[in-house]
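Working notes for the structure below.
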Amino acid sequence: MSKILMCGNEVIGEAAVQAGCRHYFGYPITPQNELTAYMARRMEEVGGVFLQSESELAAINMVLGASACGARAMTSSSSPGISLKQEGISYIAGMELPAVVVNVMRGGPGLGNIAPSQSDYFQAVKGGGHGDYRLIVLAPSCSQELYDLTALAFDLADTYRNPVMILADGMLGQMMEPVTLKKINSKRVKKPWVLTGAKNRPARMLRSLFLEAGALEKHNEKLQEKYRRIKAKEVRCETYNISRAEVIVVAYGSSARLTKAAVKMAEERGIKAGYIKPITLWPFPEEVFINEKDKDKRYLVVEMNEGQMVEDVERCAGDRKRVSFYGHAGGWIPQVEDIFKRIKKLV
Amino acid sequence: MREEIIAAGFGGQGVMLIGKILAYAGMLEGKQVTYFPSYGAEVRGGTANSTTIISTAEIPTPISSHPDVLLAMNSPSCKKFGSRLKKGGLLIANTSLIEDVFKRSDLTIMKIPATSLAHDLGNKRSANMIMIGAYLKYKAIVSLKSVEKAFSIFLPGKKDFWDINKKALRLGMEYEGR
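Protein chains in written order, with the numbering used here: chain A, 90 to 436; chain B, 24 to 201.
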């Protein structure tokens, strides 16, 4: 299949369309506006629903409603807008509804700036909204992964009745690079829970409110059981040369692109280096670290923030002294040479 | 092989299109490519720029700190990005809108009055294609054929423009500048 050149935001949109998404609700914010604009055009072409809502809060609740009726629904925003959606995301998780939420991250906190950043790892992976819930978080690092992982997100959401987040950033969203728009064979998941009108059948209910004694605890246990299943089955991660490496760089998304080049540079200079690129940030690829018995190995975590994923690496590596961090926040993209210098220092 | 190209000018001069067309042409020739627009609180008439990287190896970042080539369409862009050019880099300056071309002894500088040439051709908006033509004359980084193929992708349904843009490309290639 031939490659085409598209901007990352549009690639996400096309993947959603190909995966059967026919309901998109969004509110504009840089650097993801191309996605909203693309869906405005494409939803009309494929007979779907595009709605530019009055606010981010409205958009996420429209996703909730569409999903409750069985539709594959998506919303997208960037960091400050994703913060506004947190209430709805928590409700969707509590109600066990499938949904795809795209965060094309920019610099924070507050209004921050519009430059590429990975500032929302904590928010995406550790909660964001209230209550004990988990999002499945996918971290693409190139246009092809934007396409493939967006399609996967819809399948995972339906399979587990759980919201899935695509955690991209301004660099991935704005950049054009070649992509193959493969045919997507979406999983057909039966949805016996959807609200279609209760004529001639018992009524169904979707809710996140459980006031009866013990009911909420029971519901939470059920959610936790689901999260354990997801952890057991859905970890995705790319590794390179980790058995031989003295220094293993850990990075996701845009940082992973830079890291790969820095590891290559190190190898060319005779340094034994490798990398771990988590593709699912939740569930985090814990086993890769836990199974690593060689205590002399050093980890270097590279992020476009002040150090967020590094806490998960420390937790899994079991020894904080083995883990160091290199990062920039506020829109500065680390240079390959600078990552290389850090690798060299650790040998 | 790796070439980092910045096209810069004011909004409306088509510097984004320069970047996209070069990236697409590179892709057609089997290269790795990225295109990255400047995005921000851009306003009509303000500055705009795009970065294109064409390489035989994977491209870790689409951003260029020290480009090999600058296609400068106006004065502020020439100043801003000229100083960032790699040692021995190539500067192509649209002298219709740049009076004092940025000077650096290590650079190869090509001066071409792209806007006036485009005006004479009958479509002043094709100045960006004249700039591409001038660049291709200097460095055959992609072929003219691939660039022309990219028109159909980025100027869909505007066949009238294809011809004039093809003429503009050739005009750029034939111009005896410096």
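Cβ atoms here follow ideal geometry from the backbone N, Cα and C, with glycine treated the same way.
DSSP has residue i in a bridge; who is on the other side?
{"i": "threonine 348 of chain A", "result": "None, per the DSSP bridge assignment."}
{"i": "histidine 112 of chain A", "result": "A:Val138, A:Ala162"}
{"i": "alanine 31 of chain B", "result": "B:Asn72, B:Ala95"}
{"i": "isoleucine 135 of chain B", "result": "B:Asn117"}
{"i": "threonine 369 of chain A", "result": "A:Leu227"}
{"i": "glutamate 327 of chain A", "result": "A:Lys366"}
{"i": "proline 467 of chain A", "result": "Here chain A covers residues 90 to 436 and nothing more, so residue 467 of chain A does not appear."}
{"i": "proline 252 of chain A", "result": "A:Ala188"}
{"i": "valine 339 of chain A", "result": "A:Ile365, A:Val390"}
Taking its Cβ as the centre, do 16 or more other Cβ atoms sit within 10 Å of residue i, making it buried, or is it exposed?
{"i": "histidine 112 of chain A", "result": "buried"}
{"i": "leucine 298 of chain A", "result": "exposed"}
{"i": "serine 167 of chain A", "result": "buried"}
{"i": "lysine 181 of chain B", "result": "exposed"}
{"i": "glutamine 263 of chain A", "result": "buried"}
{"i": "isoleucine 29 of chain B", "result": "buried"}
{"i": "lysine 410 of chain A", "result": "exposed"}
{"i": "lysine 79 of chain B", "result": "According to the sequence shown, residue 79 of chain B is threonine rather than lysine. Threonine 79 of chain B is exposed by the Cβ-count criterion."}
{"i": "aspartate 183 of chain B", "result": "exposed"}
{"i": "arginine 25 of chain B", "result": "exposed"}
{"i": "leucine 200 of chain A", "result": "exposed"}
{"i": "aspartate 186 of chain B", "result": "exposed"}
Check residue i in the structure and name its three-state DSSP category.
{"i": "asparagine 151 of chain B", "result": "helix"}
{"i": "serine 413 of chain A", "result": "strand"}
{"i": "proline 99 of chain B", "result": "helix"}
{"i": "aspartate 258 of chain A", "result": "strand"}
{"i": "leucine 94 of chain A", "result": "strand"}
{"i": "asparagine 117 of chain B", "result": "strand"}
{"i": "tyrosine 58 of chain B", "result": "strand"}
{"i": "arginine 25 of chain B", "result": "strand"}
{"i": "leucine 389 of chain A", "result": "strand"}
{"i": "proline 169 of chain A", "result": "helix"}
{"i": "glutamate 266 of chain A", "result": "strand"}
{"i": "glycine 141 of chain B", "result": "Before going further, note that residue 141 of chain B is alanine rather than glycine in the sequence given. Three-state DSSP puts alanine 141 of chain B in a helix."}
{"i": "serine 78 of chain B", "result": "strand"}
{"i": "valine 402 of chain A", "result": "helix"}
{"i": "glycine 216 of chain A", "result": "coil"}
{"i": "tryptophan 282 of chain A", "result": "coil"}
{"i": "methionine 294 of chain A", "result": "coil"}
{"i": "glutamate 122 of chain B", "result": "coil"}
Using only the alpha-carbon positions, how far apart do residue i and residue j sit?
{"i": "asparagine 309 of chain A", "j": "serine 179 of chain A", "result": "13 Å"}
{"i": "arginine 431 of chain A", "j": "valine 336 of chain A", "result": "10 Å"}
{"i": "methionine 196 of chain B", "j": "tyrosine 158 of chain B", "result": "8 Å"}
{"i": "histidine 170 of chain B", "j": "tyrosine 58 of chain B", "result": "Looking at the sequence shown, residue 170 of chain B is not histidine but valine. Cα to Cα, the separation comes out at about 15 Å."}
{"i": "glycine 259 of chain A", "j": "alanine 105 of chain A", "result": "19 Å"}
{"i": "leucine 224 of chain A", "j": "proline 60 of chain B", "result": "31 Å"}
{"i": "proline 229 of chain A", "j": "arginine 346 of chain A", "result": "10 Å"}
{"i": "methionine 96 of chain B", "j": "valine 38 of chain B", "result": "8 Å"}
{"i": "isoleucine 365 of chain A", "j": "glutamate 403 of chain A", "result": "14 Å"}
{"i": "valine 377 of chain A", "j": "phenylalanine 139 of chain A", "result": "41 Å"}
Do three or more CB pairs link the segment 168–180 of chain B to the segment 136–144 of chain B at distances below 8 Å?
Because the criterion of three Cβ pairs below 8 Å is not met, the segment 168–180 of chain B and the segment 136–144 of chain B do not touch.
At a cut of 8 Å, does the segment 34–49 of chain B reach the segment 224–239 of chain A through at least three beta carbon pairs?
no
For the 8 Å Cβ check, are there 3 or more pairs between the segment 410–429 of chain A and the segment 349–367 of chain A?
yes
Looking at C-beta atoms only, is the number of pairs between the segment 356–363 of chain A and the segment 237–250 of chain A that lie closer than 8 Å three or more?
no
Evaluate the contact criterion for the segment 199–219 of chain A versus the segment 291–305 of chain A: three or more CB pairs, one atom per stretch, below 8 Å.
no
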